[in-house]
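2 protein chains.
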Amino acid sequence: MQTGLPKFHSIFSVDCVVFGFEDGVLKILLVERNEEPFNGWWALPGFFVQHDEGIDYAAERILYELTGLRDIYMEQLYTFGDVNRHPEGRVITVAYYAMIRLSGKNELHPTSNIVKKAFWHPIADLPKLGFDHTEIFEKSLDKIKRKISYQPIAFELLPEKFTLTQLQNVYEAILNKKLDKRNFRKKMLNYGILKELDEKQRGVSFRAAALYKFDRRKYAKLFQKELSFMKD
Amino acid sequence: MQTGLPKFHSIFSVDCVVFGFEDGVLKILLVERNEEPFNGWWALPGFFVQHDEGIDYAAERILYELTGLRDIYMEQLYTFGDVNRHPEGRVITVAYYAMIRLSGKNELHPTSNIVKKAFWHPIADLPKLGFDHTEIFEKSLDKIKRKISYQPIAFELLPEKFTLTQLQNVYEAILNKKLDKRNFRKKMLNYGILKELDEKQRGVSFRAAALYKFDRRKYAKLFQKELSFMKD
DNA sequence: ACAAAAGTGTTAGTATTACACCCATGA
DNA sequence: TCATGGGTGTAATACTAACACTTTTGT
């Protein structure tokens, strides 16, 4: 390294909070660590950033290596830089949050042996996590609670085609409160960003619900990038 | 450094977007650099983080050294980590935004010679800045535009005692649009977080306006940390 | 026929918008 | 007395919140 740059360097990492929605329950992805420190503990998927890769890219790479997941919605959350957050030295971490459609069985295939396995865990009763990962998770949850009210991120957790009840369930899981069914539907449909399909739900033992798609084109047109969802 | 930490290290820095409000105009703090790269250019105040200091602390220290400012409202904004954002090597930067009361003449006293001087510049016609600082500034402006609608950050830019018109001017400067005077006042007073003082504005050559204070106590009580300001 | 979830409207209350004139003060 | 900004109210509209029953379907 050259000229004016200082001699003291630091290590930095990324950690990912990956949200998934399954069985009406909001979950995040955890890994069981296979390395010191916190060997055998559960933690968020995360690892060191290479010297020659951008941090956004690193976040995607690391998530892929630790879980086999790729091409999912991901945003930077916050950077945690307390001096003592890593027991073995100064490591600054850039946290990301991500959302994924859990379609039945997404198999998780870590390709790295720094973790023993990866698995989904409901956010309701998270165990104690290694490092400051509990704090990171909490911050990510706050973030999506706010974000879901002005950006259409709920759709990232649902399959392409979904029912209004499923959509409401996502909102309820993230906001952690019940919403009124009639008001919810009225509001959602009013935005004009859902397209009702000719298709109906299949394989249920009761009245089949109409299926909808999120209409990205209409969304982009109507609100150039933003809208006010769900004050409820 | 020990055990499992990798050999590749990186350098990181903090950069600060400091907002001030003066003569009805929103300004940010710039420095004239006295070092390569971008020697002689204007840029955001920023510098490298020490190996043994937390990043929040580093942000405060660096702002103080480059400007003489201390104890001001400051929040982390975003981390910029493209590989090539710094021309001399890999430098990841954590950006902060800050707000300060500009009471007449805040003298700026850099105590470090890595900058020639520090000065306030209106955001309306910012020059080209060094590094990716223009991008950082834009992100910070987006952030406060949003934040001012749900957190009482406008008060950070005003003196302890202010008039409703001054407060409205802050909103207008940040949102970059005119607001209706009657509606603004009604709304603000309705929140119940302003305390009207017995005092009036002095030294003006027209009808003196009533002075108000932001009532932090009431604010904290009413809304445990949040409220919805100004959809206007 | 029954269990389970889908689907549907109205009303009351609250918040938002648009809009224009008189008032108090210092020069 | 004039110039300057301070201060004020109302009506129309849009949004939010609360609330319960009928319909459809598969078993």
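Order-wise, the sequence lines are chains E and S. 48 is the number that this note's numbering gives to position 51 of the first sequence; each next residue is one higher, with no gaps. 23 is the number that this note's numbering gives to position 26 of the second sequence; each next residue is one higher, with no gaps. C-beta atoms are modelled at their ideal positions from N, C-alpha and C, and glycine is treated no differently.
Proximal residues to residue i (C-beta, below 7 Å), its chain only, five neighbours per side dropped
i        : result
S:Ala55  : Val11, Val46 and Gln47
S:Pro124 : Trp39
S:Leu164 : Ala151, Leu155 and Met185
Alpha carbon of residue i to alpha carbon of residue j, nearest angstrom
i        : j        : result
S:Ser137 : S:Phe77  : 12 Å
E:Phe230 : S:Pro84  : Outside the displayed range of chain E (-2 to 229) lies residue 230 of chain E, so it cannot be described from this structure.
E:Asn166 : E:Arg204 : 18 Å
S:Lys158 : S:Arg98  : 11 Å
E:His298 : E:Leu27  : Residue coverage of chain E in this structure runs from -2 to 229, which leaves residue 298 of chain E outside it and unanswerable.
S:Gly86  : S:Phe16  : 29 Å
S:Asn31  : S:Gly37  : 6 Å
S:Thr64  : S:Ala115 : 6 Å
S:Val22  : E:Tyr93  : 35 Å
E:Arg179 : E:Pro156 : 22 Å
E:Leu66  : E:Gly51  : 19 Å
E:Thr90  : E:Asn81  : 12 Å
S:Leu191 : S:Asp212 : 5 Å
S:Lys24  : S:His118 : 5 Å
S:Glu135 : E:Phe9   : 25 Å
S:Thr131 : E:Tyr216 : 28 Å
E:Ile120 : S:Phe35  : 47 Å
CB contact below 7 Å: residue i versus chain S
i        : result
E:Ser202 : no
E:Thr90  : no
E:Leu2   : yes
E:Val112 : no
E:Gly51  : yes
E:Arg87  : yes
E:Tyr139 : It should be noted that the sequence gives Asp, not Tyr, for residue 139 of chain E. So, not an interface residue.
E:Thr162 : no
E:Thr64  : no
Same chain, Cβ closer than 8 Å to residue i, five either side skipped, listed in chain order
i        : result
E:Ile150 : Tyr70, Met96, Ile141 and Lys144
E:Leu194 : Lys158, Ala207, Leu208, Tyr209 and Lys210
Interface flag, residue i vs chain E, CB-CB below 7 Å
i         : result
S:Gln(-1) : Confidence at S:Gln(-1) is low in this model, with a pLDDT of 40, below 50, so the placement of that residue should be treated as unreliable; the coordinate-derived value is given next. Yes - at least one Cβ of chain E is within 7 Å of the one on S:Gln(-1).
S:His130  : no
S:Asp20   : no
S:His6    : yes
S:His106  : no
S:His118  : no
S:Lys79   : According to the sequence displayed, residue 79 of chain S carries Asp and not Lys. Chain E contact via Cβ: present.
6 Å CB neighbourhood of residue i in its chain, flanking five on each side removed
i        : result
E:Ile111 : Asn31 and Glu32
E:Ala170 : Leu23
Residue burial classification, residue i (beta-carbon count within 10 angstroms, cutoff 16)
i        : result
S:Gly189 : exposed
E:Lys228 : Summary for E:Lys228: the model assigns pLDDT 46, below 50, so the residue's position carries little reliability; its value from the coordinates is reported in the next sentence. Exposed.
S:Ile60  : Looking at the sequence shown, residue 60 of chain S is not Ile but Leu. It counts as buried.
S:Val201 : exposed
E:Glu57  : buried
E:Ser100 : exposed
Open item on the list: Taking 8 Å as the cut-off, does the stretch 193 to 209 of chain S touch the stretch 140 to 154 of chain S (at least 3 CB pairs, one atom from each stretch)?
Closed with: no
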